[in-house]
Amino acid sequence: TKGKMKKWSNYASSIEIIPIIQKKELNERYYGTLQGLNKKEVGLKYGEQQLKLWRRSFDVAPPGGESLKDNLKRTLPFFKQKVVEQLEDGKDVLIVAHGNSLRAITKYIENLDENQIIKVEIPTGTPIVYNYENKIFKNKVIL
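At position 98 of the sequence shown the residue is numbered 98 (the working numbering), and the sequence of numbers has no breaks.
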């Protein structure tokens with residue numbers, strides 16, 4: 001949640017060794033007219049099949065909202081310009097973000113196609129570590 005992200009950011013910045021960069025590009029996917037509704041409410045109103053389509057397809061957005069593809073278009077430029085740049089300078093980077101933004105980044109890092117990424121689950125609060133060597137992400141470890 002946004003509150004947890006801010007709490008982590010405040011803690012990390014209090015250590016004074018980790019610069020904190022907060023960017024809207026890493027925000028959660030926007031669900032449009034569904035924003036604020038829980039899965040049960042959406043399932044009852046629109047049906048479970050439609051709910052699954054909106055949540056788990058790559059390029060189908062809820063009314064007025066973003067698809068994962070849209071989220072990728074928003075997230076990836078920031079990731080390439082800011083994060084990869086830091087990695088290429090030999091720095092370590094910690095990304096604390098929302099599930100769908102992390103899924104979008106994962107699609108890029110792991111070179112997944114549209115059918116593969118819709119099956120990926122990012123566990124909440126679980127660190128995922130990649131090594132970056134010679135412009136390649138490798139050695140994924142889930143802690």
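Using N, Cα and C, we set each Cβ at its ideal position, and we do this for glycine too. Model, not experiment: these values are computed from the prediction.
Close Cβ partners of residue i (< 8 Å) along its chain, the five nearest in sequence each way excluded
i    : result
Q35  : G65
P127 : I142, L143
Residues of its chain near residue i, where Cβ-Cβ distance is below 6 Å and the 5 sequence neighbours each way are ignored
i    : result
I122 : G99, L102, R103
Q50  : none
Three-state class that DSSP yields for residue i in the structure shown
i    : result
N131 : strand
G64  : coil
Q35  : coil
T126 : coil
I20  : coil
Sequence-distant residues of its chain with Cβ nearer than 7 Å to residue i (five each side left out)
i    : result
N131 : K138, N139
K23  : F78
Residue range of the alpha helix (DSSP H) that includes residue i
i   : result
F78 : 68–78
A97 : Careful: A97 lies outside any alpha helix (DSSP H) and carries neither H nor E.
R56 : 48–56
Supposed contact pair residue j and residue i - C-beta distance, whole angstroms, cut 8 Å
i    : j   : result
I118 : S57 : 6 Å
Boundaries of the beta strand (DSSP E) in which residue i is found, first to last residue
i    : result
N145 : Outside the shown range of the chain, which is 1 to 143, sits residue 145, and nothing can be said about it.
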